[in-house]
């Protein structure tokens, strides 16, 4: 029969075009994405037509404006009840507008906003040939150390392209957690991945490492997205559709859409399970869960630090959003299949991240591994498979992203002749040199370690509580053990900063412009507020914890 | 009247506080203040004594409750005092002898720039000792018990710059602590048995307690007594305690504190009466100690150490008597008091001798001193006669009674104990005569002291002489006084009294006592009176050498406890560092090593990373399928 | 002919691509292997579309091509810049960062 | 809504800490005085709390309760029982002396940079610790307590690692290394304990649904909340482990000697006399209060560990060469007594244990601070470097001796009362344990007097010949402490009056009755 159906499709396609019903798009509800996407396009035009001198300012202005506007739109939608009562699926079933989506998009936007501030920072490095410089290469295309590069530096070029790239990435991230069919998921993934690959490559200092990071990230990212795509294909083959709703219904058997031919050849659910596993792998790669984590330390170390902070925060938020939606909306019927698997992943991620971090000597790699361990904690919350699990993960993501960006922002401040001094030995005695910076960084570290009165503790407690409630007590124990291990290396850095004598050739702490200062202050503020009085945000997360189906 | 009891303790306590906190400005007047307050306490004692005599024998006991010391659910310790005939006896002895020795010290310590503190400590001791004998419950007694321990620690180590003194002080305190352990355990048993540890109720209720419990309590009390009264096996500290200034030796380590053990046992008479096994142990300890002390006393050339051995032995008599039960308690106390007089007198005499001989203590370097310090000679001589039990003097009466009682114990143990006491009497006579001869008779064997000053013996100042005289009077008269003034009836209401029925007549015992006394004296005279005393001690027989070393008992302690303890602590320190700590550090190291190994996987090759991803996916798929399969 | 066979072919191609990524050194070749994997996905999509008799799979295939094209652009840009810097396209040479 | 006295009592030092930290670098002395005043103000407030508290009244008084984190079932709930009052009193009493004793410990060295303000930091941290400790004694919400229990590690950590004892053997680098080792050890031990407790706290929430001590206790009493035996035991162990690390109980004690040895004397006092008390306090209030059955189940094991602590700590103390490490091991022995008293489950034992917490705090403070003065004079912590000090500095030696006598719990000084109560209480329930523990009093005499003999007596060593005697400031630190020791030694009633009712509550928590004496009608016989 199938051949007939296909033929009939061809014939209907032969009808006059105006018969095709125009897709119904809710522009207001998609406005956050559209704003950022639009701004991205505009800033490409800016790159094309605005004179070089004016580009930096116009780009910064444009990006900030776009992000603020998008966030305002989110708030408007949330106030309009799209997060709860009016939550529904927009754009012909492509994009969900519901609590989790809005919450995560809001988080992504705020994180990106402060991240963009660090992008725009131009006071850390001394002016080069009288031109202010930021963390990005004068001309990314130029070969490192080549005559061309020197010329570009002399001319005071700067890679203002980072702003449009960032905006594209952000728009992709905004769609990712809201994607309501697998195709949108895949496209969104690529939309935010590709710009990130490029952003990794354009560091000003240590360009070789930067490019290497980009290559690794790109190849592995493409590799993983290929798996994701094949998984999607299999799921499509299983359910005959890529829309979450349909797949979910097929999975829990309310409609049996499986082609009998498939059914008997492929055997019961092999398609479903294998497909699920491969999609999962694609997402776990972005999350940086063991054993799909190995790109993380290298990329985090090589990429320009502002980009690293941006990636570490925003990518995680987006990826976890997508993961939550996949597990809770598409495969609730499969809970008993995926839970044990995720248990394993969570455990190895928590322990692996914490243990390997102990022997790291580079602050950025250290933070990379810490982010892996945190991914493990978050997975524990995901596994809870309860509303409180969702809300706890949402809260944790919010708390964590600000700590991360703040921490990396501090890393950008500690510099010596070779740019940022990321080797731990250089950080010795920082507390004596500049107590304030060291204290701030200590606050972030304590938050990472989950010491009470910091956001890290509230978040950790929330996810562990959810996990225990969801019957994953063993995970909590493992989590506790690994946080004990993790505590060790956070403490090590603090010891280094405060208790060891400063070295003579130690790094200097650059005095940042208001931009970075705002970023760091925001980080500290969020850390302490979420630590002392998290209730309001917990409520927010709880309200936002129901997915639309 | 009973309100005076607190004052009794308060006066010397005040003295101690003022003298110790007062600072240098009291250096001039301090000793007078201290002496005065001790005297005040003595006077109050006399007043109370007079009042007590005025009452009928049965309601002589006074009680004073100040406040509740430790009020805890089911556990009541009162700051309350009980003054009965027994306590009264001690009060008079302590304050009386104490005052005399305060006076003596004024002269003896004249040239010591820390004299003020010395008197502070003395007052502290008097206060604590009074608390000990006046307490109306065992916990408060324990307070005083450790208080005198502290005072003795401070006074033995008064010349702290001398390492030997410091060591002796520490040793005394720690050995005493072992005894104190016994006392506190005894109190615990009482608390769990009777629910209280106040004398009245406890002693009244002994009838209802099981004998096992009472024996346990009794033995624990005995342990305490051994510590405080330097009885075997806890006697080792007393000899070293002679490092302290001589007045201290006289007051604390002869007359009063060391007799606290006897007080404790007599005070707990009802408990021991109901626990014969405990009593037996008490008598054994007493017997062993009296021989032990006597033998040691024979071998020592240090005059104070010889006297210390004698003290040990005499207290052995008392403990033995106390162990005999109702037939002995009274005589134990009686001997205690008389001993308090003559032994204090002897020590003061010794002090006076040393005072004249540049603090030389080796009797082999004395000799012929009777011409140079006649008063000391006479007083010391009277004390000597008293202790060897010369008929008519105090020691005669008290010791004779104990020997009688020992025989009266009856049965084989009666015979054994009696014989032991007799032998003891003989040895006492021997070593005391030895002391007497070596010190006051024979030719001069004086030596220059370390900084070459030749000794120029002279009679001590009046402040030192008067107390010696008074004590001599006491040691002469006390015995007869007690004998004929009804000391027995006086104490009976408290301690109870039963006439022993000795298998041999009192007269026989008396003659035997006198006989052995003469024997001992004669032997000593033959050895030390007839032929000259070598300045350097001869090697001597095995026994002598052992006795010089406290019959090796001290060496035993050192080998077992000191050396063994040191090794134990050393090894524990090692264990703590390498085992207890090592486990933790080991875990940390293990995690670190694991980390280092895992880290190697991150080799920087993109292809390796891809492999791990590929493998991970494979595992993921396999696991998912597996989950469905099972 | 049974369309399922196309699925087997797709799976085969995908595996070949994946193995290629794992064993080949030259970044360009590795990248081509990734492209092979993507195309294997496309084949699977089209086949499933045929079996289910709806067009979604075919539409997705077009999306995939576009995405692949975009990846080529970005990928080649990065790889070429690295090549110019190091005069080598071997992924194993790019291992400054490790441990 | 009455006046939030408890909150204020904790808030004053907290605010004071912030202000002190804010004092400009040049105004060092000002910061010191500010800290001193704040601590005295806190002392006054603690006095008010003591006065307001009615021993006869309800179990928890001066209570406050506000919503905090609804999602976690957490409320900001405060309230004090007698034990809390006593320990708040201890804390508030000691801090002024600690501040005064540490007057010069944090003066910056010439080498350090202008922006580095150690003095301000030092005193600010001390006050911050005080605030957290006081609040933890007041918290009747398990979660609130846990947060403080963990958070107070951070300021302590910086106090230990940042302000080491300047009197050290070997090079500065070496000393710095040892110091940070001690600090890290302290932090990791307690952090691990805390994290294990965190798991238990979460478990408690899963079981009970909220964290209010009173509510949970009620629910358990009226049977509306019954834990499975194993659950209760696991939770108990989770809590107890954390407290046993903090207390510290053998074999989790090894962090204490390092921490006390490397930190300045005042900080060492802060650790052992104040912060560690939170551990034993929590055993009494949370372990027994929340998990009575499990407590009874675990008692035998814990009693054994406590006995090991007593004897082992004392023996190892005898073998120490370092004055401060010696005091540390002595403290371990004493904590053994406290824990023994708590788990003897008798009125005497628990009252004794509570008194012990207070008395040990004061006596250790006296001994350790004098030791600190001595060490700062000679610049060495090694016992062997001293000798004959009492000749040149009699007052110092005298106070040191009194501190030592308190440590060996001589009658007439406060520790005797508590120690004897603990022994009697322990004996009443476990005679053998009582007897073994009693050996501790001999060992205590041993290590104390050996220390005194080696440092203070004997011929005067050349190096100590020039040591000055106690100065006015130092005397002002020591004298009051000694006065308190003597007062509480002869008249502990004020303390027992407050403590007894609370102990009775705890006893009823664990449904334990005191063992009765075999002979009842003794009083009749009287």
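Chains as they are written, first to last, in the numbering used here: chain R, 3 to 551; chain W, 66 to 695; chain Z, 47 to 145; chain F, 562 to 1087.
All C-beta atoms in this analysis are idealised placements derived from N, C-alpha and C, irrespective of residue type, glycine included.
Remember, it's a predicted structure, so these values are computed and weren't measured experimentally.
- Item | Between the CA atoms of residue 98/Z and residue 488/R - distance to the nearest angstrom | By one-based count along the first chain, residue 488/R stands at place 486. By one-based count along the third chain, residue 98/Z stands at place 52. Distance between the alpha carbons of residue 488/R and residue 98/Z is about 50 Å.
- Return the chain-ordered list of same chain residues with a C-beta closer than 7 Å to the C-beta of residue 139/R, the five sequence neighbours on each side being excluded. For the purposes of this step, residue 139/R is taken as residue 137 along the first chain, with counting starting at 1. Excluding sequence neighbours, residue 139/R sits near 161, 204, 205, 206, 209.
- With 8 Å as the C-beta to C-beta threshold (strictly closer), list the residues of the region 665-679 of chain W near chain Z in chain order. 665, 667, 668, 669, 670, 671, 672, 675, 676, 679
- Task: Using a Cβ-Cβ cut-off of less than 9 Å, list which residues of the region 736-748 of chain F approach chain W; keep chain order.
- Result: 746
- Pairwise C-alpha distance: residue 121/R and residue 143/R: Looking up residue 143/R in the first chain gives position 141. Looking up residue 121/R in the first chain gives position 119. Cα to Cα, residue 143/R sits roughly 19 Å from residue 121/R.
- CB contact check: residue 127/R to chain F, cutoff 9 Å: Working through the first chain from its first residue, we reach residue 127/R at position 125. By this cut-off, residue 127/R is not an interface position.
- Determine the burial state of residue 80/W: buried for a count of at least 16 other Cβ atoms within 10 Å of its Cβ, exposed for fewer. As a position in the second chain, residue 80/W is number 15, starting the count at 1. When all chains shown are included, residue 80/W counts as buried.
- Message: By DSSP's criteria, residue 140/W is part of a beta bridge. Which residues make up the other side?
- Response: By one-based count along the second chain, residue 140/W stands at place 75. Answer by DSSP bridge pairing, in chain order: 137/W.
- Which residues, in order along the region 140-158 of chain R, keep a beta-carbon less than 8 Å from a beta-carbon of chain Z? 142, 143, 145, 146
- Query: Do residue 898/F and residue 917/F have their C-beta atoms closer together than 9 Å?
  - Reply: Here residue 898/F corresponds to residue number 337 of the fourth chain, with the count starting at 1. Here residue 917/F corresponds to residue number 356 of the fourth chain, with the count starting at 1. Yes, Cβ-Cβ distance for residue 898/F and residue 917/F is below 9 Å.
- Item | Reduced DSSP category for residue 61/Z - H, G, I as helix; E, B as strand; rest coil | Here residue 61/Z refers to the residue found at position 15 when the third chain is read from its first residue. Here residue 61/Z sits in helix by DSSP.
- In chain order, what residues of the region 1058-1084 of chain F put their CB closer than 9 Å to some CB of chain W? 1058, 1060, 1061, 1064, 1065, 1068, 1075, 1076, 1077, 1078, 1079, 1080, 1081, 1082, 1083, 1084
- With a cut-off of 8 Å on the beta carbons, I'd call residue 552/W and residue 419/W a contact; round off their distance for me. Within the second chain, numbered from 1, the residue matching residue 552/W stands at position 487. Within the second chain, numbered from 1, the residue matching residue 419/W stands at position 354. Contact doesn't hold; Cβ gap of about 34 Å is too wide.
- CB contact below 9 Å: residue 446/R versus chain C: Absent from the structure: chain C. Protein chains present are R, W, Z and F.
- Task: Assign residue 183/R to one of three DSSP states: helix, strand, or coil.
- Result: Position 181 of the first chain, counted from the first residue, corresponds to residue 183/R. Reduced to three states, the DSSP call for residue 183/R is strand.
- Message: Quick check on the burial criterion: 16 or more other C-beta atoms within 10 angstroms. Buried or exposed for residue 595/W?
- Response: Here residue 595/W corresponds to residue number 530 of the second chain, with the count starting at 1. Its Cβ having fewer than 16 others within 10 Å, residue 595/W is exposed.
- Item | Under the three-state DSSP convention, the category residue 725/F falls into | On the fourth chain, position 164 is the one that residue 725/F refers to. The answer is strand: DSSP assigns residue 725/F an E or B state.
- Item | Rounded C-alpha distance that separates residue 627/F from residue 535/R | In the fourth chain, counting from the first residue as 1, residue 627/F sits at position 66. In the first chain, counting from the first residue as 1, residue 535/R sits at position 533. Roughly 12 Å between the two C-alpha positions.
- Since residue 230/R and residue 191/R are thought to touch, with beta carbons under 8 Å apart, how far apart are those beta carbons, to the nearest angstrom? Taking the first residue of the first chain as 1, we reach residue 230/R at position 228. Taking the first residue of the first chain as 1, we reach residue 191/R at position 189. 7 Å between Cβ atoms; contact.
- Endpoints, the alpha helix (DSSP H) within which residue 677/W is located: The count along the second chain starts at 1 and reaches residue 677/W at position 612. Here the alpha helix (DSSP H) through residue 677/W covers 671-694.
- Skipping 5 residues on each side, what residues in its chain have a beta carbon closer than 8 Å to that of residue 944/F? As a first step, residue 944/F must be located in the fourth chain, where it is residue number 383. Within the same chain, residue 944/F has close Cβ partners 881, 882, 883, 884, 887, 1012, 1015, 1016.
- Item | Residue interval of the alpha helix (DSSP H) (run including residue 226/R) | Position 224 of the first chain, counting from 1, holds the residue named residue 226/R. First-last of the alpha helix (DSSP H) with residue 226/R: 209-241.
- Message: One question on the structure: do residue 471/W and residue 385/W come within less than 9 Å of each other, judged by their Cβ atoms?
- Response: Along the second chain, read from residue 1 onward, the residue named residue 471/W stands at position 406. Along the second chain, read from residue 1 onward, the residue named residue 385/W stands at position 320. Yes, these two residues count as a Cβ contact at 9 Å.
- Message: For residue 603/F and residue 183/W, I'd like the C-alpha separation in whole angstroms.
- Response: By one-based count along the fourth chain, residue 603/F stands at place 42. By one-based count along the second chain, residue 183/W stands at place 118. Approximately 42 Å, taken between the alpha carbons.
- Message: For a contact defined as C-beta to C-beta under 8 Å, what are the partners of residue 635/W on chain F?
- Response: Here the question's residue 635/W lines up with position 570 in the second chain. Those within 8 Å of residue 635/W in chain F are 880.
- Leaving out the 5 sequence neighbours to the left and right, which residues in its chain are closer than 6 Å to residue 581/W when beta-carbon positions are compared? Locating residue 581/W in the second chain gives position 516, where the first residue counts as 1. Counting only Cβ-Cβ distances below 6 Å, and skipping sequence neighbours, we find 487, 490, 491.
- Between residue 771/F and the rest of its own chain, which residues show a CB-CB distance below 6 Å, the 5 nearest in sequence each way excluded? Start at 1 with the first residue of the fourth chain, and residue 771/F comes out as number 210. Excluding positions up to five away in sequence, the list reads 634.
- Query: On the three-state DSSP scale, how would you describe residue 742/F?
  - Reply: Mapped onto the fourth chain, residue 742/F falls at position 181. DSSP places residue 742/F in helix when its eight states are reduced to three.
- Given a cut-off of 9 Å, decide if residue 399/R and residue 106/R are closer than it, judged by their beta-carbon atoms. Taking the first chain and counting its residues from 1, the one referred to as residue 106/R is at position 104. Taking the first chain and counting its residues from 1, the one referred to as residue 399/R is at position 397. Cβ distance < 9 Å, so residue 106/R and residue 399/R count as in contact.
- Message: With a threshold of 9 Å between beta-carbons, can residue 230/W be considered close to chain F, or not?
- Response: Locating residue 230/W in the second chain gives position 165, counting from the first residue. By this cut-off, residue 230/W is an interface position.
- Please list the residues of the region 752-772 of chain F that have a C-beta atom closer than 8 Å to any C-beta atom in chain R, keeping them in chain order. 752, 753, 756, 757, 759, 760, 763, 764, 766, 767
- Under 9 Å between the Cβ atoms of residue 228/R and residue 84/Z? Here the question's residue 228/R lines up with position 226 in the first chain. Here the question's residue 84/Z lines up with position 38 in the third chain. Contact flag set, yes.
- Please list the partners that residue 1002/F has in chain W, where partner means a Cβ-to-Cβ separation under 9 Å. Working through the fourth chain from its first residue, we reach residue 1002/F at position 441. The answer, in chain order, is 242, 245, 246, 249.
- Cβ-Cβ distance between residue 158/W and residue 320/W below 9 Å: Here the question's residue 158/W lines up with position 93 in the second chain. Here the question's residue 320/W lines up with position 255 in the second chain. Their beta carbons are under 9 Å apart, which means residue 158/W touches residue 320/W by this criterion.
- Task: Could you say if the region 468-482 of chain R and the region 383-394 of chain R meet the contact criterion of at least three C-beta pairs nearer than 8 Å?
- Result: yes
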